[in-house]
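To start, the structure itself, in structure tokens.
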Amino acid sequence: MSRRLGLIIGVNQYQDPAFQTLQFAENDARALAQWLVNEKGGKWAPADMQLVQGATVTRTLVESLITQMCLHQAEPGDLIFIYFAGHAFINEQNGEGYLAFSNTRYQDPATALHLFSFVQQVLARSRAGEIMVFLDCFQTGPAWQARRTSPYDASPLLGPATFNLLQQCSNRLFLCTCRGNGYAPEQSEQSLGSFIYRSIVGLCGPASDPATGTIGLVGLYKYLSGSLDEQHRPQIFGQETMMLPLVGTLPEAPALQQMSPHSNSAPLPPSGLLRTPQTASAPLPGNMQPAAASPSMGPMRQAPAATAQLSPSNPAPQSAVATLSEQQKQQIDLMQNQVLQLLQAQNYAEAYNGVEQILQLVPQDSFTLMLKAQILRAAGRLPEALSIIEQLTHLEPENPLIWSMRAVILSNLGQYEAALADIERSLELNPGNPETFSIKTNIMARMAEATSQAGQQPMFQKKQGGPLSFFIGLLIQAAGLILGLIGTALPIFIPQLPLPAAFAAIGLGTALLCVNAARGAYLYGFTRLLLTLVFCLLPAGILGGLYKLAYASIIARINANPTLLTPILLLAGWLGLVALLPLLLAIGGLIVGAIRGKRQ
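1 is the number of the first residue of the sequence shown in UniProt numbering; add one for each residue after it.
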């Protein structure tokens, strides 16, 4: 059965002051996501919709969510919808387009999403039947002005290379609109950006196909083109050969031969079992003091939350309690309520004592064991909490809450793969629980963060500084030195040659030596500094050798032909220059690269 999978992204505030604060991006993202999953709106499955917004929207998280949805979750015949509201910019060096997230630095495109790589490495490889990407972007930076053909033209963001790639990949479509730029601010209607407000109005019916009642990209585009002003009027890029509707009944998935792993996805934000802990108000027995938060736990270090799911009014199955008398059941219910209140008050010591008293009466009661696991987890005794959860998985293997708790503990221990497997098990048992989806998304975010901290290359960033790069740098340095030597030798051996030709060779050789030295040390560090040092020692050695071995011969030639004085002084001066200047530039590049975090 075909599905609709959505990823909605909105960012108002950015750490880099180069990106001005937006007013409506997050409102637009939230409103669109809510309308799409509303039963009176788009009727999308909430489990298939992900909303991320605010400071949590980083390149690492977005890449992880996009990869999961497009490459692992999507099946043939599925419709993928990605909406981005925020800043977009064009790299002033290479003209490539990027999407900016909360931690993006304008001068460092590696912290943003490279659109060409996104199309090439994700959209072109996805098995989804159709992928729609809506870019509701504020056009940031001076590079837009030099490339746009109209005041609000969005085409420079994609560029010719991406256009060509989209022509080769059918049903990979971009709809772009100008949220604002240096000349036009954001505009709103009913506290929403104009584009999203009109889009939701169109999706409510005016953009529908009269024959089928469905709403596809083309129908929405026609409606928006007639109802929006010039600034917000959308542009479509790509070619559509099959129409999968945004609203209305989806056709059956076509039979395709490609196969790849499948997994579910999850919406944000975090809550419930993933709340941040607070210090207990009383000491815990023995070594039951709350554990201090550690970097390895990060935001996944949480308190005994989700108490609404663990309340006696809606308890997990309790076979041990079922054999007790009615009076004993009431007594245990009362004690469990007291423990829950102590948990909510962060009084872990009294809560732990209360749980132990209950377990003396009903040692195998699953609900009480879950309470105990919550307390141990809050105290930082994760292995003991995991041991209790393992016991519960044997007592009640069909209880989804137990698998969710196990996933949270495993993620706190850094066992992300096992945690994902457990959260998938919980989703199989209870597919409609939004709390479980939130847990899954947070586990994925922590996994992406751990991968990034481990030094693995980002998905959309090319690997740099390998043997091939070093060899190319060596060739450039050698070419620069040879060109310079040729340029300085020409006036000596061919005096009739025009001086501009010699100076052109000298200038090009010097530029190659200096630029490659500075760039290499800036990007790749100490190894390139050593390479520069070697190529600085060579001209120094040549100059010293000429002085030691050929000084008398040179003086004799100058006396015989005084016109050689200027070319020989030029040769000596150039050798001295390239023996020192590239090394100084490389040292500067090394220092600046270390400060700016460019080292690979």
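Glycine included, every Cβ here is placed at the ideal spot set by N, Cα and C.
- Annotated as proximal: V408 and I439, with beta-carbon spacing under 9 angstroms.
- Taking all protein chains shown into account, D108 has fewer than 16 neighbouring C-beta atoms within 10 Å of its C-beta and is therefore exposed.
- Assigned with DSSP and collapsed to three states, C176 falls in strand.
- Unbroken alpha helix (DSSP H) runs of no fewer than 4 residues, entirely contained in the region 345-418, are found at 348-361, 366-378, 382-395, 400-412, following chain order.
- Under the Cβ criterion (8 angstroms, minimum of three pairs), the region 586-595 counts as touching the region 525-532.
- Ranking A85, N94, L244 by CA distance to the CA of E186 puts A85 first.
- For L564, no beta strand (DSSP E) segment is defined, and its DSSP state is neither H nor E.
- Residue state for E26 is assigned as helix, using DSSP reduced to three classes.
- Judged by DSSP in its simplified three-state form, V339 adopts helix.
- Per DSSP, reduced to three states, the secondary structure at S2 is coil, with no helix or strand assignment.
- In this structure, the CA atom of V122 is about 49 angstroms from the CA atom of A501.
- As for any alpha helix (DSSP H) of minimum length 4 sitting wholly inside the region 499-530, the runs are 499-524, ordered along the chain.
- In this structure, L99 and A110 do not form a Cβ contact; the two beta carbons are roughly 13 angstroms apart against a cut-off of 8 angstroms.
- Within the same chain, Cβ atoms closer than 6 angstroms to the Cβ of S227 are found at R198, the five residues on either side in sequence being excluded.
- The three-state reading of DSSP puts A128 in coil, since its state is none of H, G, I, E or B.
- In the structure shown, the three-state DSSP call for F19 is coil.
- The C-alpha of T393 lies about 19 angstroms from the C-alpha of V355.
- Taking 9 angstroms as the cut-off, the Cβ atoms of F101 and V57 count as close.
- For R4, the closest C-alpha among the options G77, A55, N38, A18 is that of G77.
- Rounded to whole angstroms, A349 and A418 show a C-alpha spacing of 30 angstroms.
- E396 and L386 have their C-alpha atoms spaced approximately 15 angstroms apart.
- Contact between the region 566-575 and the region 484-495 is present, with at least three C-beta pairs closer than 8 angstroms.
- In the DSSP assignment, A88 falls within the beta strand (DSSP E) that extends over 79-90.
- Within the DSSP bridge table, the entry for T140 names F89 as partners.
- With distances taken between CA atoms, I90 lies nearest to R147 out of L36, R147, I80, Y183.
- A direct Cα-Cα distance of roughly 26 angstroms separates Q364 from E424.
- Membership of Y106 in any beta strand (DSSP E) is not indicated, and neither H nor E is assigned to it by DSSP.
- Remark: C-beta atoms of F24 and Y106 do not approach each other more closely than 9 angstroms.
- The Cβ-Cβ distance between L175 and G216 does not fall below 9 angstroms.
- In this structure, G54 sits away from Q15, with a CB-CB distance that is not shorter than 9 angstroms.
- Looking at the DSSP output, I8 bridges to L51, Y83.
- Counting the other CB atoms within 10 Å of its CB gives R596 a total below 16, which places it among the exposed residues.
- Taking every protein chain shown into account, the CB of S225 has fewer than 16 other CB atoms within 10 angstroms, so this residue is exposed.
- For A154, the closest C-alpha among the options Q168, D136, L165, A33 is that of D136.
- Residue pairing from DSSP places H114 in a beta bridge opposite Y98.
- Of the candidates L577, P156, Y547, the residue whose Cα lies closest to the Cα of C536 is L577.
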